[in-house]
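In UniProt numbering, the protein residues as written are 1 to 558.
All C-beta atoms, glycine included, are put in the ideal place defined by N, C-alpha and C.
In what follows, a structure is listed as structure tokens, so that the remarks can point back to it.
Below you can see the structure in the form of structure tokens.
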């Protein structure tokens, strides 16, 4: 059949097909195979350049099936980038030929910016609509797709144009697509005043080009966490790429082992004080600098450049034993003459000179939680964002189809430098955001107070710093950003085996989802559209572990 007959068949039979099993259904085959193959054979579709894919959902029927045409140089997945896509309305009365964007990994601000660029920079014929009147349905997915559409052509079942016209429209839309790609690729690189969006886009592209899959939001979260506090903990099962994401992030902005701006320090189980990390005075009375001190001394001489230190498997030894001096000094940071300074890390009597912790040194620790490692004290957890990497998608290979080479860029310290050390600095700029976050934290503290796990001023302030950087860069919605903060700064504090822990976790789950569990944790719940879905998922896993083992914590609730 031709494209016209294909589209009409979907519109006529899809709703009935949804009542039947998706497995090996002819409708699924039509959308995922027959229609893409029909489009691939059009003379204007270059198989070397374009990927054509269709979807009716995975496991369950999608409310909105689609067929996408993607330029490999832009994207190989409908989760990101921009592309041409046929979108069927939920009631199957209309199908739209659209120039749209991936909604899963594209921040809203970026999506709106690209939408306006397409509308304003590409001349188009009158039959192409440049408005937001597309009608896909009332579900959240339909509204997300609607937001992603820059321009479209609308077809109805009753007035479906001829095959010739449909092919002409598609060829026309492909040409607009190619014109926009050409404009984007010809743009000159932006100067050193990189926006947060440009920085995270580059880091994400660079890491992807190395063959490692991390979502854009994971990269954004790591970037915001480093700006919030120059100490981040990456936890998770072995082999999820915790070390690599730090190495590639540093390399993407010009910090490498070769130039001394990226240093990997393996932590040893026998470290019981700061001498192994910072240095010691030998039997001759001479100071022997440790690996971190060497980085600090070099960073002090090059304050315009960021330096990254990776403490590999940092909890093989007790962190508060060998790292307590660094943590204390980190908390002493203050403003002096427009610069961030800290107390002395090593005194002149020990090191021959007073050595402080410069603001351009960023320390990231990787941890595994098993029988060979040590748990973290609240002192450590209070002072870090704990980012968990347990997501494993072994079967996701789309991003490997054609990896573009991405060159590092030279970013200076200003890209990562902190702007806020006190809550008043944030409140002057974002008073409503601070009040909104504080109101949420007050509710959370009510749940955690009986456990003694409630948060103090430091955690509140650092959550607000994180949210302020996110607001400044327009990288995520408030809810998505707060979800990360709840997951990284608050949930790691919770552990125990009694009814108080269960009650607090259930209250937090309801806070995140508006769903009450009532002691039932095995039911498959759909909280995808919850206010804080990442935290809700973690909380539910922690509750299941408590029910199964009689004990739970953030570290065992993965």
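**OP:** Classify residue 517 as helix, strand or coil using the three-state DSSP reduction.
**Re:** By 1-based counting over the chain shown, the position of residue 517 is 517. Correct three-state label for residue 517: coil.
**OP:** Leaving out five residues on either side along the sequence, give the residues of the same chain with a beta carbon under 7 Å from the beta carbon of residue 188.
**Re:** The residue labelled residue 188 in the question sits at position 188 within the chain shown. Note that residue 188 has pLDDT 41, beneath the 50 cutoff, so the model's placement of it is unreliable and the number below is only indicative. For residue 188, where only same-chain residues beyond five positions count, there are no Cβ hits under 7 Å.
Subject >> For residue 466, the three-state DSSP class (helix, strand or coil) >> reply: In the chain shown, counting from the first residue as 1, residue 466 sits at position 466. Helix, per DSSP.
**OP:** Grab me the residues of residue 262's own chain with a C-beta within less than 6 Å of its C-beta, minus the 5 sequence neighbours each way, in chain order.
**Re:** Against the chain shown, residue 262 aligns to sequence position 262. Excluding positions up to five away in sequence, the list reads 250, 255, 256 and 308.
**OP:** Determine the direct distance from the alpha carbon of residue 435 to that of residue 514, and round the result to whole angstroms.
**Re:** What you label residue 514 is simply residue 514 of the chain shown in a count that begins at 1. What you label residue 435 is simply residue 435 of the chain shown in a count that begins at 1. Looking at the two C-alpha atoms, the distance is approximately 21 Å.
Original post:
What are the complete beta strand (DSSP E) segments, minimum 3 residues, inside the segment 34–78?
Top reply: 50–55 and 66–71
Subject >> Cα-Cα separation between residue 549 and residue 385, rounded to whole angstroms >> reply: In the chain shown, residue 549 corresponds to position 549, counting from 1. In the chain shown, residue 385 corresponds to position 385, counting from 1. Going from the Cα of residue 549 to the Cα of residue 385 covers about 27 Å.
Subject >> As assigned by DSSP and simplified to three states, the class of residue 99 >> reply: The count along the chain shown starts at 1 and reaches residue 99 at position 99. DSSP places residue 99 in strand when its eight states are reduced to three.
**OP:** State the Cα-Cα distance for the pair residue 340 and residue 407, rounded to the nearest angstrom.
**Re:** The sequence position of residue 340 within the chain shown is 340, counting from 1. The sequence position of residue 407 within the chain shown is 407, counting from 1. Going from the Cα of residue 340 to the Cα of residue 407 covers about 31 Å.
**OP:** To the nearest angstrom, report how far apart residue 164 and residue 76 are at their CA atoms.
**Re:** As a working note, residue 164 is residue 164 in the chain shown. As a working note, residue 76 is residue 76 in the chain shown. Cα-Cα distance, rounded: 28 Å.
Original post:
What residues in its chain sit with their C-beta under 6 Å from that of residue 115, if we drop five residues either side in the sequence?
Top reply: Here residue 115 refers to the residue found at position 115 when the chain shown is read from its first residue. If we look at residue 115 and ignore the five residues flanking it on each side, its Cβ neighbours are 150.
Subject >> Rounded straight-line distance, which links the Cα of residue 310 to that of residue 16 >> reply: Translated into the one-based positions of the chain shown, residue 16 becomes position 16. Translated into the one-based positions of the chain shown, residue 310 becomes position 310. Residue 16 and residue 310: Cα-Cα distance of roughly 55 Å.
Subject >> Secondary structure, alpha helix (DSSP H): runs of 4+ residues fully inside the segment 211–259 >> reply: 216–228 and 242–252
Subject >> residue 437 vs residue 493 beta-carbon contact at 8 Å >> reply: For this step, residue 437 is matched to residue 437 along the chain shown. For this step, residue 493 is matched to residue 493 along the chain shown. Contact: no.
Original post:
From residue 156 to residue 133, what does the alpha carbon distance come to, in whole angstroms?
Top reply: Sequence index remark: in the chain shown, residue 156 carries index 156 (1-based). Sequence index remark: in the chain shown, residue 133 carries index 133 (1-based). C-alpha separation (whole angstroms): 15 Å.
Subject >> Selected residue, minimal CA-CA separation from residue 496, among 489, 505 and 488 >> reply: The residue you call residue 496 lines up with position 496 of the chain shown. For residue 496, the nearest C-alpha among the options comes from 505.
**OP:** Name the two residues that bound the continuous beta strand (DSSP E) containing residue 156.
**Re:** One-based indexing of the chain shown puts residue 156 at position 156. It spans 151–156 - the beta strand (DSSP E) in which residue 156 sits, taken as one unbroken run.
**OP:** Inspect the beta-carbon positions of residue 546 and residue 502 and report whether they are closer than 8 Å.
**Re:** Counting from 1 along the chain shown, the entry for residue 546 is found at position 546. Counting from 1 along the chain shown, the entry for residue 502 is found at position 502. Against a cut-off of 8 Å, the Cβ pair of residue 502 and residue 546 comes out as a contact.
Original post:
Going by the C-beta, is residue 444 closer than 7 Å to any heavy atom of the ligand ZN?
Top reply: By its list of ligands, the structure shown contains no ligand whatsoever, and the ligand ZN lies outside what it can speak to.
**OP:** Please say whether residue 80 and residue 210 have beta carbons closer to each other than 8 Å?
**Re:** Translated into positions along the chain shown, residue 210 becomes position 210. Translated into positions along the chain shown, residue 80 becomes position 80. No; because the gap between Cβ atoms is not below 8 Å, this pair is not in contact.
Original post:
Can residue 299 and residue 201 be called in contact, C-beta distance under 8 Å?
Top reply: Within the chain shown, numbered from 1, the residue matching residue 299 stands at position 299. Within the chain shown, numbered from 1, the residue matching residue 201 stands at position 201. No, the pair does not count as a contact, with Cβ atoms beyond the cut-off.
Original post:
On the three-state DSSP scale, how would you describe residue 131?
Top reply: The count along the chain shown starts at 1 and reaches residue 131 at position 131. Residue state, collapsed to three classes: coil.
Original post:
Considering only C-alpha positions, which residue in the set 463, 499 and 350 is nearest to residue 487?
Top reply: For the purposes of this step, residue 487 is taken as residue 487 along the chain shown, with counting starting at 1. That would be 463, whose Cα lies nearest to the Cα of residue 487.
Subject >> Touching by the beta-carbon criterion (3+ pairs, under 8 Å), the segment 21–28 and the segment 52–63 >> reply: yes
Subject >> Whole-Å CB distance - residue 560 paired with residue 154, under 8 Å assumed >> reply: This structure cannot settle anything about residue 560, because the visible part of the chain is limited to 1 through 558.
Subject >> Inter-residue Cα distance where the pair is residue 284 and residue 294 >> reply: Translated into positions along the chain shown, residue 284 becomes position 284. Translated into positions along the chain shown, residue 294 becomes position 294. Cα to Cα, residue 284 sits roughly 20 Å from residue 294.
Subject >> Sheet register partners of residue 163 (DSSP bridge) >> reply: Position 163 of the chain shown, counted from the first residue, corresponds to residue 163. Looking at the DSSP assignment, residue 163 forms no beta bridge with any residue, so it has no partner.
Subject >> Reduced DSSP category for residue 200 - H, G, I as helix; E, B as strand; rest coil >> reply: What you label residue 200 is simply residue 200 of the chain shown in a count that begins at 1. Here residue 200 sits in helix by DSSP.
Subject >> Cβ pair count under 8 Å reaching 3, the segment 228–244 against the segment 423–433 >> reply: no
Original post:
With respect to the alpha helix (DSSP H) encompassing residue 537, which residues constitute its N-terminal and C-terminal limits?
Top reply: Along the chain shown, one-based indexing puts residue 537 at 537. 533–549 is the extent of the alpha helix (DSSP H) around residue 537.
Subject >> C-alpha distance - residue 4 paired with residue 183, whole-angstrom precision >> reply: Working through the chain shown from its first residue, we reach residue 4 at position 4. Working through the chain shown from its first residue, we reach residue 183 at position 183. Cα to Cα, residue 4 sits roughly 32 Å from residue 183.
Original post:
With 16 other CB atoms within 10 Å as the buried threshold, where does residue 252 fall?
Top reply: Mapped onto the chain shown, residue 252 falls at position 252. Residue 252 is buried by the Cβ-count criterion.
Subject >> chain D contact for residue 258 (CB, 8 Å cutoff) >> reply: Here chain D cannot be found, since the structure has a single protein chain.
Subject >> Sheet register partners of residue 419 (DSSP bridge) >> reply: As a working note, residue 419 is residue 419 in the chain shown. Note: residue 419 sits in no beta bridge, so no partner.
Subject >> C-beta atoms of residue 203 and residue 223 nearer than 8 Å >> reply: Locating residue 203 in the chain shown gives position 203, counting from the first residue. Locating residue 223 in the chain shown gives position 223, counting from the first residue. For residue 203 and residue 223, yes; Cβs fall inside 8 Å.
Original post:
Among residues of its own chain, excluding the 5 on either side of residue 176, which ones have a beta-carbon nearer than 7 Å to its beta-carbon?
Top reply: Along the chain shown, read from residue 1 onward, the residue named residue 176 stands at position 176. These residues qualify, in order along the chain: 99, 122 and 124.
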